[in-house]
Amino acid sequence: MESNNFFFKKKRTTRSVADVSNLYCSPRKLRLVADLIRNKKVEYSLFILKNLKNKGGDIIYKILLSLIYNWKNENYEKNINNYNLYIEKVLINQGYQFKKIRPAPQGRCNKVRKRYSNIKIILNSKFKFKNYGT
């Protein structure tokens, strides 16, 4: 009796991950930008990030460019034009806080919290199937 290895074959997905920690930008500002590009194609998200004016757009744009080059280096035998690259996940978590004390009137003090953030972006790809004829 023949054994069918259909169920035991691994799916071949080309995935690339960028993990950046301790960025000097608050997580709230980065999450506003991350919501714009989540589950979008890479070309479209690069266009969005290039035209944003806030600081989070520049930071995520540079990380995404680095991630595309990493995908090309890992999959050097494959042509990038045959794959649909899309952003699978964008995770933005809070890093550490730098706390300072600022003097206030009447002998009091106010706390100033400088927030840092951690970013993880996962890039995935789907192979384009071309229909020839029929």
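Residue numbers (my numbering): 23 to 156.
Beta carbons: idealized from backbone N, C-alpha and C, even for Gly.
Being a predicted model, the structure only gives us computed values, none of them experimental.
Do you know whose CA, among Gly79, Gln128, Lys63, lies nearest Asn103's CA? Lys63
Can the beta-carbon of Leu45 be found less than 7 Å from the beta-carbon of Gly78? no
Are the beta-carbon atoms of Glu110 and Ile82 separated by less than 7 Å? no
What is the DSSP secondary structure of Leu86, counted as helix, strand or coil? helix
How many Å lie between Asn140 and Asn76 at the Cα? 18 Å
Who pairs with Gln116 in a beta bridge, going by DSSP? Ser139
Could you spell out the range, first to last residue, of the beta strand (DSSP E) harbouring Ala40? 38 to 45
Just to confirm the assignment, what range does the alpha helix (DSSP H) spanning Tyr98 have? Run containing Tyr98: none; DSSP gives neither H nor E here.
Under DSSP, the alpha helix (DSSP H) around Pro49 begins and ends at which residues? 49 to 59
Closer than 7 Å, CB to CB, is Val42 near chain C or not? Looking at the structure shown, chain C is missing, and only one protein chain is on hand.
Using the Cα positions of Val134 and Lys121, report the straight-line distance between them to the nearest angstrom. About 6 Å.
Cβ-based neighbour list, Thr156, same chain, cut-off 6 Å, excluding 5 preceding and 5 following: Annotation note: pLDDT 49 at Thr156 (below 50); position unreliable, coordinate value reported separately. Nothing listed; no residue qualifies.
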